[in-house]
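> Please see the structure below; I have some questions.
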Amino acid sequence: MKEKTLLKGNIAIAKAALNCGCSCYFGYPITPQTEIGEYLSFEMQKNNLAYVCAESEIGAINMALGAASVGAKVMTSSSSCAVSLMQETLSYACSDELPIVLVNVMRAGPGQGYIFPSQGDYNQTTIGGGNGDYHIISLSPSSVQECVDMTYKAFYLAQKYKNPTILLVDGLLGQTAEPCILFDNPYKEIDNSSWALTGAKNRPSRKIHSLEPSQNKLNKHILNLKNKYDLIEKNETDYEKYMCDDAEIILTAFGSLARAVKAVVNSFREKGLKAGLFRPKTLYPFPYDALKKIASQAKAIIDIEMNLGQMLRDVKLGVLSDSKVYFIGKPTGNWLKKEEIIDSVENILKENYANI
Amino acid sequence: MIKNFIISGSGGQGILSIGTVLANIFMLNDLFVSYCPCYGAEMRGGAVNCEINMSNEELLSLQNEKADYVIALNQTSLDKFINKVKKNGTIIVNSSLAKIEKTRNDIKYIFAPLTQEALKLGNIKIANSIALGILSKITDNFSIEKVKKAYEKILKNKTELIQKNIEAYLFGYNYLQERIQ
Chain R
0 MKEKTLLKGN IAIAKAALNC GCSCYFGYPI TPQTEIGEYL SFEMQKNNLA
50 YVCAESEIGA INMALGAASV GAKVMTSSSS CAVSLMQETL SYACSDELPI
100 VLVNVMRAGP GQGYIFPSQG DYNQTTIGGG NGDYHIISLS PSSVQECVDM
150 TYKAFYLAQK YKNPTILLVD GLLGQTAEPC ILFDNPYKEI DNSSWALTGA
200 KNRPSRKIHS LEPSQNKLNK HILNLKNKYD LIEKNETDYE KYMCDDAEII
250 LTAFGSLARA VKAVVNSFRE KGLKAGLFRP KTLYPFPYDA LKKIASQAKA
300 IIDIEMNLGQ MLRDVKLGVL SDSKVYFIGK PTGNWLKKEE IIDSVENILK
350 ENYANI
Chain A
0 MIKNFIISGS GGQGILSIGT VLANIFMLND LFVSYCPCYG AEMRGGAVNC
50 EINMSNEELL SLQNEKADYV IALNQTSLDK FINKVKKNGT IIVNSSLAKI
100 EKTRNDIKYI FAPLTQEALK LGNIKIANSI ALGILSKITD NFSIEKVKKA
150 YEKILKNKTE LIQKNIEAYL FGYNYLQERI Q
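So the sequence lines, in the order shown, correspond to chains R and A. Every letter in the first sequence is one number past the one before it in numbering that gives the first Met the number 0, and letter 1, counting from 1, is 0. Every letter in the second sequence is one number past the one before it in numbering that gives the first Met the number 0, and letter 76, counting from 1, is 75.
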């Protein structure tokens, strides 16, 4: 058993990336994720790995695209407004089928916003701002330990499905230190020798590009991508359910805010109210089916976020009825406290359910 | 059992250092802990504070409105955090850099001239560790081995500095007892 270490979310992510063989990092500093690049700038140089502080985020993500095409395990990290700059290349990487790990440690938006913590990039991550039929696998950690676990998983899924993967981290979690265990990467290595551009000596040449002037071929390519996304949705959907089995009130939340919501559930249970927490660990693919099953027997579903209701759309799609779905949230700043959430939930119940 | 701590002062006073030492002490005692720093754009002289939460079961709230224990190493942080102390909570104030004045009667005050005491011990930088010693005395009895180990984790191989900080910590730990006698 490896020993526990007190690590900030940002540093835990950087360490885990090195542990699972990240050989290239490109990035441009931005609060609240700068420690990732700072830490890697020392460690990657020591280990003779590629580290480039790019001239911009557009540069960073395109360097990542290039490195991924030659088969390198590559990561870039940034925050909200700067991840906006990367959208074009993410769409390209999906079409090119290139594994890129992008860590987004969220700050407040829209526009430049400020460094306050927020969960405002749910839509940017799960829907995206690129063009075409594409999806990006997105993982949402709720603790520093999960930052480690999910960094490993992000690299694995990116390589396995040859698709960009986003680790969507709350600014609060990037900056908070918690004890965690840096265990060894549990995932197997994925062989990329069949597609990586490694020089065509003794083999036919290969090309990776998204341009396809033939209508038939382009249709076929997009349908192939769709098959891949279907497979991802079937195999990789992940969630946590807490006290949901007999719950009358389901609270939904993602990221570190879900922990405060868990405390709310405990508190309601002590008072005899049957509450439960449903937390998606993968935001894409979203666990619609699991939520639908749980929600069918619940009287109310209350979505709680540090934004103005971005996951709410997916929650409603899962529940398939918005008559019993409610929302609690605020855009940015100090995380919603347990007491605030309890008050808001009680108000919703009082207004809508006389008998709970 | 959940306990919340705020350590505050100005940049350069070692606020974040003893914050991480305290968090490591909790971790080494197999408790759940979170540590969150907060500082302005300026590194030296600006306001700095950190929040540490400790629990013997899974820690669910990373940010809390109020704290059971607050350390304020200067007047600004005393003013800023005095209302963040929970009812019946405790505030440790560095009276070398803050007025001895009780504005609340529902909390416990500990005033100690930490900067002066640190200077007497030979290093102005270890006022923070004296405060940590006082805090340890009134919260939990941690084995000194684990405290040492926590300092070693932060200060790595700076043996002399570790020793000086442990000395300050122990001075703080015994400070109240000596004053009461």
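Using N, Cα and C, we set each Cβ at its ideal position, and we do this for glycine too. From a predicted model like this one, the values you see are computed outputs, not experimental measurements.
1. Suppose you measure from the CA of SER79/R to the CA of SER22/R; what does that come to, to the nearest Å?
2. Name the one or two DSSP bridge partners that CYS35/A has.
3. Cβ of GLU56/R within 8 Å of Cβ of SER77/R?
4. For a contact meaning CB atoms closer than 7 Å, what does MET26/A contact in chain R?
5. Count the CB pairs spanning the region 48-66 of chain A and the region 3-12 of chain A that are closer than 8 Å, and state whether there are at least three.
6. If you measure beta-carbon to beta-carbon, which residues of the region 297-314 of chain R are closer than 8 Å to chain A?
7. Given a cut-off of 8 Å, decide if LEU27/A and TYR68/A are closer than it, judged by their beta-carbon atoms.
8. I want to see whether chain R comes within less than 8 Å of GLN62/A, judged by CB atoms only; does it?
9. Can you tell me whether ARG106/R is buried or exposed? The criterion is at least 16 other CB atoms within 10 Å of its CB, across all chains shown.
10. Let me confirm a value: GLY45/A is counted as buried when at least 16 other C-beta atoms fall within 10 Å, else exposed. Which label applies?
11. Since LYS107/A and THR89/A should fall inside the 8 Å C-beta cutoff, what is the C-beta to C-beta distance between them, to a whole number of angstroms?
12. Please tell me whether LYS261/R has its Cβ less than 8 Å away from any Cβ of chain A.
13. Would you call the region 318-330 of chain R and the region 59-66 of chain A in contact, with 3 or more CB pairs under 8 Å?
14. Output the distance between the C-alpha atoms of ALA71/R and ALA53/R, rounded to the nearest integer angstrom.
15. Please compile the residues from chain A whose C-beta is within a distance smaller than 7 Å of the C-beta of LYS337/R.
16. Is the Cβ-Cβ distance between LYS280/R and GLU239/R less than 8 Å?
17. Kindly say whether THR19/A, judged by its beta-carbon, lies nearer than 8 Å to any beta-carbon of chain R.
18. Could you tell me if MET85/R is buried or exposed, where buried requires 16 or more neighbouring beta carbons within 10 angstroms of its beta carbon?
19. If the cut-off is 8 Å on Cβ atoms, which residues from the region 323-353 of chain R count as contacting chain A, listed in chain order?
20. Apart from the five residues just before and just after GLU304/R, which ones in its own chain have a Cβ nearer than 6 Å to its Cβ?
21. Do LEU113/A and ASN87/A have their C-beta atoms within less than 8 Å of each other?
22. Look at the alpha carbon of LYS152/A and the alpha carbon of VAL146/A, and state the distance between them as a whole number of angstroms.
23. Are the CB atoms of ILE35/R and ALA49/R nearer to each other than 8 Å?
24. If you run the structure through DSSP and keep just helix, strand and coil, what is SER343/R?
25. Find out if the Cβ-Cβ distance for the pair GLU350/R, ALA297/R is shorter than 8 Å.
So, from the listed chains and residues:
1. 24 Å
2. GLU50/A
3. yes
4. Chain R residues near MET26/A: LYS3, LEU5 and PRO178.
5. yes
6. Along the region 297-314 of chain R, none of the residues has a CB nearer than 8 Å to a CB of chain A.
7. no
8. yes
9. buried
10. Burial call: exposed.
11. 4 Å
12. Closer than 8 Å to the CB of LYS261/R there is at least one CB belonging to chain A.
13. no
14. 17 Å
15. SER60
16. yes
17. Yes, THR19/A lies at the interface with chain R (some Cβ there is under 8 Å from its Cβ).
18. buried
19. ASN333, TRP334, LYS336, LYS337 and GLU338
20. GLN118, MET310 and GLY328
21. no
22. 10 Å
23. Not a contact, by the Cβ cut-off of 8 Å.
24. helix
25. no
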